[in-house]
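Reading through the structure tokens given below for one structure.
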Amino acid sequence: MPTAPEPAIRIESRDHLAELLAEAAEIEHGLMCCYLYAAFSLGEPARRGLPAAQADAVARWRDVILAVARDEMTHLALVANVANAIGASPRLGRLNFPVSPGAHPSGVVVSLAPFTPATLDHFVFLERPEGAVDQDGDGFAAPRPYQRGLGQGRLVPSAQDYATVGHLYRGIERGLADLAARLGEDVLFCGDPRLQLDAAGVGLAGITRVVDLASARAALETIVTQGEGARDTHHASHYCRFLAIRDELRAILAEDPGFAPAARIARNPVMRRPPTPEGLLWVDAEPAATVLDLGNATYQFMLRALTTLTSPVALAPGARALTTEAMATAMRALTPIAELLTTLPASTTVPDVRAGLTFTMSRSLEVMPEPRGAFRTLFESADRLAAGLRAHVVTLAPTMAAVADGLDDLAARLRAQSEVAAIPYGDGAAATTATTATATATAAAAYAPGPVEEARGRDLIIRFETARCIHARHCVTGAPRVFLANVVGPWIFPDEAPVDDLITIARTCPSGAITYERLDGGAPETAPPRNVVRVRENGPYAVHADLHLAGAGGAAATMTRATLCRCGASQRKPFCDGSHVAAGFTASGEAATRPSEPLHDGPPLEIRPQPDGPLMLSGPVEICTGTGRTIDRVDGARLCRCGGSATKPFCDGTHARIGFRAP
């Protein structure tokens with residue numbers, strides 16, 4: 006039997022709209038943490054000792070819940086985009102868990118709980134469509150019902166009631182339409198479009214820019230459809246995914262009533278001694294308390310980076326890509342810390358309870374308005390995190406040493422950014438200095454060149470790096486007397502063709518395997534005035550730029566040409582080795598053109614392959630199809646290199662789901 010209609014949501018001003026967007030952001034943020042907590046409780050330690058079939062089911066459920074949590078991150082970014090679009094500051098903070106009554110309607114309880122049948126019932130209840138009859142999980146009801154509402158004509162924004170999240174967003178959508186009609190669409194959507202997040206920069210599918218009423222409606226529809234489902238049945242929705250897990254869990258419990266993979270993991274853990282301890286578990290046992298502090302600091306570092314990314318501070322040269330990388334680095338570190346906590350005793354007074362990440366936030370999340378201070382704060386946080394992990398976590402989990410090393414490298418580049426971030430956006434000469442300072446702080450994790458052959462002629466030295474060659478054959482076909490194919494021994498003879506012809510051939514080598522040095526006093530090869538990445542049909546990325554390439558060991562390599570893998574199969578990552586052909590990789594290079602503004606010339610392009618993730622681009626770059634049509638002009642992007650993204654050439658986070666591995 007359907008439930009009664011939900012109360013009307015009033016939006017009479019921009020203030021009212023901003024208030025509801027702030028609450029929507031808190032809900033998405035809170036749900037993301039709740040889902041992560043349940044997923045972390047199903048980590049590898051929870052599967053030890055289970056029969057194979059049960060362990061496989063638990064691993065599958067964990068992956069599904071993590072995917073839903075990533076969707077909630079997408080929703081948070083979309084709500085931030087809508088807020089920025091109307092000139093409001095995105096709300097990225099929230100109350101600590103468990104969220105106090107009154108922050109949300111009495112039927113929307115947000116608290117941390119491990120994976121149990123009741124927790125799953127709660128997730129189904131939270132994601133239910135309007136009109137669906139689902140009971141909340143046992144133990145999740147509010148202590149007492151209450152009502153919230155905004156009286157007609159009230160000026161001060163106030164909390165309002167809704168029974169389902171979908172109804173909240175439909176109320177926001179109606180409010181947007183009403184205000185656009187009354188104020189004018191251009192007046193309502195007055196925010197700086199440069200502050201918009203998108204899938205290309207953040208690496209999560211579904212994040213779209215909001216610049217007008219149509220794009221705002223599309224963003225809200227994405228949130229509702231992914232959560233509760235479309236107006237008909239949407240089996241990929243969170244609601245349907247949780248229903249499927251619940252059915253499978255009930256089947257396993259029917260055969261094995263004692264099945265409890267997340268048993269003895271704390272419910273509603275807190276980091277600090279609570280003034281009202283009822284229903285809470287204070288994590289005070291060591292080493293759990295110290296590991297928890299580091300986990301929460303990592304989580305707050307990620308949020309501080311996201312806050313920076315949605316603020317004008319991120320418009321400084323090189324800032325957006327570096328800030329996005331800071332977010333990604335923190336998220337990679339968070340999962341192993343959180344799953345380590347589930348193995349550690351939580352309390353000195355309550356036996357047999359293990360800890361969990363509490364996602365505790367401080368009140369000081371707001372970004373500093375001056376770029377140098379903002380990036381100095383990020384640098385200092387990354388530096389302290391690296392030291393803390395080495396001192397307190399690496400001894401418990403040795404693999405975290407690599408995470409600490411990554412934070413050290415990130416801290417060095419954040420520090421460099423803090424010294425140049427105050428340069429006005431769009432200042433080409435200053436931007437060159439800024440981006441170069443950031444790009445050169447990469448010695449801890451940089452590309453190491455392979456063996457290089459050298460052939461010396463009278464007027465020219467030709468060098469050839471085998472590891473970078475993709476056999477485009479411009480050399481062999483363009484100068485067959487210089488570059489001898491299929492011979493044993495010496496095969497490059499520079500004096501067999503005019504110098505200018507050989508220079509032309511070298512510059513057309515897309516991989517950069519062929520370089521040259523002039524001995525006749527002529528000018529050396531210089532970087533192009535505009536950095537360009539061309540997306541080859543069913544093939545790699547061809548880069549022609551003032552390129553700084555980071556990799557594994559050695560100093561940062563500077564080059565002008567490179568061909569980088571995007572199929573995930575190359576044995577010489579980050580370079581292409583032709584494996585896309587044997588792997589049958591298919592990916593069009595003809596992606597749609599996105600609206601963009603011309604870029605300033607000069608600054609170098611830094612490319613840093615992320616561990617087990619995408620290629621992180623920092624600096625102005627024009628991304629084109631193989632035929633030369635512009636896809637986008639950006640000041641940083643995340644390009645897929647696992648081959649699985651649904652938003653190629655941009656990363657959408659698929660690498661995490663499919664277990665992509667690459668340094």
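Residues in the sequence shown are numbered from 6 upward in steps of one, following our numbering. From the three backbone atoms N, C-alpha and C, an ideal C-beta is built for every residue, glycine too.
The alpha carbon of residue 535 has as its nearest neighbour, out of 375, 493, 635, the alpha carbon of 635. A distance below 6 angstroms between beta-carbons, with the five flanking residues on each side excluded, links residue 604 to the following residues of its chain, in chain order: 625, 638. Residues of the same chain with a CB within less than 7 angstroms of the CB of residue 78, apart from the 5 flanking positions on each side, are 37, 209 in chain order. Distances from the alpha-carbon of residue 631 to those of 546, 320, 205 put 546 closest. Residue pairing by DSSP places residue 623 opposite 611, 641 in a beta bridge. A Cβ-Cβ contact shorter than 9 angstroms links residue 599 with residue 205. When the beta-carbon positions are compared, residue 361 and residue 655 stay at least 9 angstroms from each other. Less than 9 angstroms separates the beta-carbon of residue 658 from that of residue 75.
Contiguous alpha helix (DSSP H) elements confined to the segment 527-585 do not occur, taking only those with 4 or more residues. The bridge partners DSSP lists for residue 460 are 467. Around the beta carbon of residue 197, fewer than 16 other beta carbons sit within 10 angstroms, so the residue counts as exposed.
The way I'd put it, the segment 57-73 doesn't touch the segment 163-181; fewer than three beta-carbon pairs between them come closer than 8 angstroms. In terms of Cα proximity to residue 387, the closest of 374, 378, 356, 331 is 331.
Leaving aside the five residues that flank residue 184 on each side, the residues in its chain whose CB is nearer than 6 angstroms to its CB run, in chain order, 193. Counting other Cβ atoms within 10 Å of its Cβ, residue 401 stays below 16 and is therefore classed as exposed. The residue from 12, 397, 100, 91 with its alpha-carbon nearest to that of residue 33 is 100.
Spatial neighbours of residue 60 in its own chain (CB-CB distance under 6 angstroms, excluding positions within 5 residues in sequence) are listed in chain order as 52. Residue 289 places its beta carbon less than 9 angstroms from that of residue 278. Judged by beta-carbon spacing, residue 130 lies beyond the 9 angstroms limit of residue 120, meaning their Cβ atoms are not closer than that value. Contact between the segment 294-311 and the segment 322-339 is present: 3 or more CB-CB pairs across the two stretches fall below 8 angstroms. DSSP places residue 117 outside both helix and strand once states are collapsed to three, so it counts as coil. Unbroken beta strand (DSSP E) runs of no fewer than 3 residues, entirely contained in the segment 181-205, are not found. Nearest in C-alpha terms to residue 583, of all of 287, 293, 457, 476, is 476. Within the same chain, Cβ atoms closer than 7 angstroms to the Cβ of residue 575 are found at 581, 582, 584, the five residues on either side in sequence being excluded. Looking at the DSSP output, residue 523 bridges to 465. Where residue 496 is concerned, there is no enclosing alpha helix (DSSP H), because DSSP gives it neither an H nor an E. Contact check between the segment 309-317 and the segment 407-416: fewer than three CB pairs, one atom from each, fall below 8 angstroms, which does not count as touching. The segment 239-258 makes no contact with the segment 83-98: fewer than 3 CB pairs, one atom from each, lie closer than 8 angstroms. Burial state of residue 140 is exposed, judged by a 10 Å Cβ sphere holding fewer than 16 other Cβ atoms. Its Cα nearest to that of residue 241, the residue 73 stands out among 324, 456, 382, 73. Secondary structure note for residue 320: it is in no alpha helix (DSSP H), with a DSSP letter that is neither H nor E.
Of the residues 349, 497, 487, 464, the one whose Cα lies closest to the Cα of residue 458 is 497.
In terms of Cα proximity to residue 177, the closest of 491, 218, 138, 200 is 218. A contact between stretches requires three or more CB pairs, one per stretch, nearer than 8 angstroms, and the segment 253-260 fails this requirement with the segment 111-118.
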